[in-house]
Amino acid sequence: MLQNNSTIAIQCVYGPDDVRHIETVLIPSLASATHRHVTLNVICYAGVGAPKLVSVIESVAVNNVEPHWTVPQGFGACHNFLFQKTKPDPFFILINPDCIAVDHSIDNLIRTYTDTPRAGIVEGRQWPYDHPKEYDLQSHETPWASGAYCLVGSTPFEQAGGFDERYFLYNEDVDLSWRFWLGGWSVLFEPGAPVVHFSGQRHYRSDIVSREGYYSIRNFIYISYKFFGDRGLKRALELVSASEDKALAAQVIVAARSLIEGTKPLSYQPHPQVKIHGINRFHDVR
Amino acid sequence: MKIHVPARSKAAALVFQKRHPHMDVEFHFETQSLFSLLSTIIHSNADYAIVCHDDVFLPVGFVSSAVALVERLNRTWPNWGLCGNAGILPFLVGGAATRTIRYVADPHGGINYQGTTFPAITIDGNTMLLNLRAMRSRGVTMPQLPGFQLYDAFLAVATISAGLAVLVAPELACYHSSSGSQIDFDRVRSDRVFGEAFGKVVANLSLPTLNGDVRVPFEAEGYFSKIDIYERSLAVACVGRPLPSVAILIRTQFKRKELLRRALQTATAFAAASAHVEVEIWVVTDSTEAAPSFVAQHAKILECPVTATGDNRALLLLAAIEAISSDYFWVLDDDDWLFPNSANIVGSIVNIASDRSIVFVGVSQFDEAAAEATPYDKPNKEIRYFPPTVWCTALNGINSIPINGQIISRTLLQYVDRELFARIVYFEDFALQLFAITQPRCNVYVLDQLCGGISIRRDGQSITAKDRTIWERSMAELAATFAQRNEMPGLFASAARAGALDRDGAGGVGRSLSSSESRLIKLYRTQKRVTQKIIDRFRRL
Chain B
0 MLQNNSTIAI QCVYGPDDVR HIETVLIPSL ASATHRHVTL NVICYAGVGA
50 PKLVSVIESV AVNNVEPHWT VPQGFGACHN FLFQKTKPDP FFILINPDCI
100 AVDHSIDNLI RTYTDTPRAG IVEGRQWPYD HPKEYDLQSH ETPWASGAYC
150 LVGSTPFEQA GGFDERYFLY NEDVDLSWRF WLGGWSVLFE PGAPVVHFSG
200 QRHYRSDIVS REGYYSIRNF IYISYKFFGD RGLKRALELV SASEDKALAA
250 QVIVAARSLI EGTKPLSYQP HPQVKIHGIN RFHDVR
Chain L
0 MKIHVPARSK AAALVFQKRH PHMDVEFHFE TQSLFSLLST IIHSNADYAI
50 VCHDDVFLPV GFVSSAVALV ERLNRTWPNW GLCGNAGILP FLVGGAATRT
100 IRYVADPHGG INYQGTTFPA ITIDGNTMLL NLRAMRSRGV TMPQLPGFQL
150 YDAFLAVATI SAGLAVLVAP ELACYHSSSG SQIDFDRVRS DRVFGEAFGK
200 VVANLSLPTL NGDVRVPFEA EGYFSKIDIY ERSLAVACVG RPLPSVAILI
250 RTQFKRKELL RRALQTATAF AAASAHVEVE IWVVTDSTEA APSFVAQHAK
300 ILECPVTATG DNRALLLLAA IEAISSDYFW VLDDDDWLFP NSANIVGSIV
350 NIASDRSIVF VGVSQFDEAA AEATPYDKPN KEIRYFPPTV WCTALNGINS
400 IPINGQIISR TLLQYVDREL FARIVYFEDF ALQLFAITQP RCNVYVLDQL
450 CGGISIRRDG QSITAKDRTI WERSMAELAA TFAQRNEMPG LFASAARAGA
500 LDRDGAGGVG RSLSSSESRL IKLYRTQKRV TQKIIDRFRR L
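Protein chains in written order, with numbering that gives the first Met the number 0: chain B, 0 to 285; chain L, 0 to 540.
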């Protein structure tokens, strides 16, 4: 049970270009996002020799966890490593390095978590560009939670074995959410816990393939196979093959097959929250 | 400085020599590949060289201009590697908001700009100045490809990839009597070999050149270690140049504290993400109320007591510009905010801009139904994007760029008429633009990316006020002032024509909407919003 004056653990995976934003914007915002003290556990995905972070805010202490790798690691691998090293309890919060926490937002995430029996993940709302996915207005249940800003229960996270590191980037949050649902834990959306996250919308470019554009399609094929077996794989391949950019599609399919090789799908368990409506469409649109 | 000319024949060489007596020219005959020739020239012992076509006509004094250009580039663009007289830029410039700069006359047309050096993505090979010493030290390498097409684009990409700047400069201006062979170019650009060669270096799926775009096939292996040619061409051009200062001025009376906090946080985020500039954030106020405690975490405070009664926003702006010594000014109102996504590009453009410049960036209005106390309370909705590419319509009397879409150099702001600012309340943003763009040697740079947000709420804002008296009085003063000035009268008339007719694929200026068209679009948008709300309500039932 979380005491009112307990220190809460926040995890953030950053790159060398994120240091200034984290120190001058994110850390000060965390101080007003909760009345509790914060330990910000951070690690640089780039690996050894990365710049360290410093906090000048009394209520936010930074714990620079030392990476041991020399090539960049993925989102899931870094967060799993942080979790193993810091053992947060009873929950921890994930926040992306380019976010700005809004006043009382973290306290609102915690309240929803503690008020909901068997809550596994509580996702905050992103501003200015909201993920327009469905959620139940009464229970706040939602099919999946974005890893950019969410609270995760430590027990279900440990039971589930953490993030699936095969994804590297993108869709590992959907995967975790679905495994929580299948394990009897709920995934919630809390609109009263906003975070500023400048991503998407007008800033997508058509002249370049972004990491999101590549990995999310590759990982869509993998997640379809992992949760829906050969049937899911077949459907995913059909959808991706039909997309406009044939050259990209062909290479993504090769990469996805390589990712799938040597893995087995989970035993299929139908669940209303575990669903695919299209390429990376895992929800109805709100 | 030696001029290298790959000559098609002895006869062509003789013609060139006759046109250009007294120039130190080395002719290269029976060249099968300009890629190989450039490779040979790069690995020669010389520090600098000019390479040009055998059908260019260089003006008298060209070589001494080129020597002076080398000295100027070494001083002001110390990281330069390659320079041409025509090229494609990583941003837009001028009234037509074009990416293409031509300091060359040829059968396609004449020059389209004056007096300014720009960083480029690719250049035309008709006349090129090479910094051979820098190229050798950075290991600039040409691929082993045949023929006489795309060698200039490859040289530019190789130079940028090696960390050196590619520039377009007016000192290399000349006449090129050939219009080139579009058929040959089209054949080569659709050849997969060339596309794949580019694809080893650049992540971009399309590489723009003056003859057309080259499609670059996507290759997953090592993709994310390849360069984005737009960002990289700007970044390398900034190396070694002094850092200009940019003052972000946030106007406030401390009546909207949470909105002010958002403005400050996002401005700080923008500053953190910026490159190649020094950003300072200022809160500028005429209020006697004490600033909230959070202000000092983000900004310096400038108190400008203004003695005039009523709305002092215009005079406040002027007072701030006079009090703060910064190279550039970027004004936000306290209910605006910034998007830091393109901060590094904005900073790079400001860095390479000439000293009398204005940079226009994209901003959007967002419908924010929330009360002012909680700016993040509900999701907001983008309702209107102001493309900076239409800035020229200001010369048609259309205020198309909001105040937070303009970054103006101090050297242009010194021409602001203080008496006008004492008479107007609104349209001070429009006045700033007009004073800036009507100055001789004003350079306009355009970045068509979303950099700012404007909050539209139900009430409490001047922009939504039903009584337009103050607006109309301000416009009367503005129109009278500018009609009676006589700086660039021809500019207004030519802008009206450009606004009506011009649109090129690189981002030209479109036609402005008439007031009845604007009203129809507004009505359509309102009906669409209402219909969507009804549909959403049914969904929730």
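By construction, the Cβ of each residue, glycine as well, lies at the ideal position given by its N, Cα and C atoms. Since the structure is predicted, the reported quantities are computational estimates derived from the model, not experimental observations.
Distance from residue 104 (chain L) to residue 174 (chain L) at the Cβ level is roughly 5 Å; contact confirmed, criterion being Cβ atoms closer than 8 Å. Residue pairing of residue 8 (chain B) in beta bridges, as defined by DSSP: B:38. Take residue 192 (chain B), set aside five residues on each side of it, and the residues of its chain with a beta-carbon closer than 6 Å to its own are 104, 107, 108, 123, in chain order. By DSSP's assignment, residue 164 (chain L) forms a beta bridge with L:79. Within the same chain, no Cβ atom closer than 6 Å to the Cβ of residue 211 (chain L) is found once the five residues on either side in sequence are excluded. About 10 Å separates the CB atoms of residue 15 (chain B) and residue 46 (chain B); that is not less than 8 Å, and the two are not in contact. By the criterion of at least three beta-carbon pairs nearer than 8 Å, the segment 37–54 of chain L is in contact with the segment 0–12 of chain L.
Among the CB atoms of chain B, none fall inside 7 Å of the CB of residue 89 (chain L). As for any beta strand (DSSP E) of minimum length 3 sitting wholly inside the segment 294–344 of chain L, the runs are 299–302, 327–332, ordered along the chain. Contact between residue 170 (chain L) and residue 67 (chain L) holds, since their C-beta atoms are separated by about 7 Å, short of 8 Å.
Out of L:207, L:30, L:188, L:178, the CA that lies nearest to the CA of residue 87 (chain L) is found in L:207. Nearest CB-CB separation between residue 135 (chain B) and chain L: not below the 7 Å threshold. Annotation: residue 253 (chain L) is outside any beta strand (DSSP E) and is labelled neither H nor E by DSSP. The C-alpha of residue 153 (chain B) is placed about 6 Å away from the C-alpha of residue 88 (chain B). Take residue 164 (chain L), set aside five residues on each side of it, and the residues of its chain with a beta-carbon closer than 7 Å to its own are 76, 78, 79, 80, 118, 235, 236, in chain order. Put simply, the segment 268–275 of chain B touches the segment 138–145 of chain B. At least three CB pairs are less than 8 Å apart. Listed along the chain, the chain L residues whose CB falls inside 7 Å of the CB of residue 247 (chain B) are 217. Excluding residues up to 5 positions away in sequence, 248 lie with their Cβ nearer than 6 Å to the Cβ of residue 242 (chain B) in the same chain. Distances from the CA of residue 260 (chain L) to each of B:239, B:269, B:202, B:195 were compared; the closest alpha carbon is that of B:195. Burial state of residue 70 (chain B) is exposed, judged by a 10 Å Cβ sphere holding fewer than 16 other Cβ atoms.
Taken through DSSP and simplified to helix, strand or coil, residue 130 (chain L) comes out as strand.
Restricting attention to L:275, L:324, L:83, L:402, the CA atom closest to the CA of residue 410 (chain L) is found in L:324. At the C-beta level, residue 34 (chain L) and residue 128 (chain L) stay beyond 7 Å of one another. Between residue 331 (chain L) and residue 262 (chain L), the CB-CB gap stays under 7 Å. Using beta-carbon distances, residue 434 (chain L) does not count as an interface residue toward chain B, since no partner is under 7 Å. DSSP, read as helix, strand or coil, puts residue 365 (chain L) in strand. Residue 284 (chain L) sits in a strand when the DSSP states are folded into three classes. Using a Cβ-Cβ cut-off of 7 Å, residue 442 (chain L) does not count as an interface residue toward chain B, since no Cβ of chain B sits closer than that to its own. In this model, residue 294 (chain L) and residue 281 (chain L) are separated by some 9 Å (Cα to Cα).
Spatial neighbours of residue 34 (chain B) in its own chain (CB-CB distance under 7 Å, excluding positions within 5 residues in sequence) are listed in chain order as 106.
Secondary structure at residue 14 (chain B): coil, using DSSP grouped into helix, strand and coil. For residue 89 (chain B), the closest Cβ of chain L is not nearer than 7 Å. Residues of chain B with a Cβ closer than 9 Å to the Cβ of residue 264 (chain L) are, in chain order, 24, 27, 28, 99, 195.
Taking C-beta separations shorter than 8 Å and ignoring five residues to either side along the sequence, the partners of residue 73 (chain B) in its chain run 44, 164, 166, 167, 168, 171, following chain order. In terms of Cα proximity to residue 108 (chain L), the closest of L:228, L:168, L:177 is L:177.
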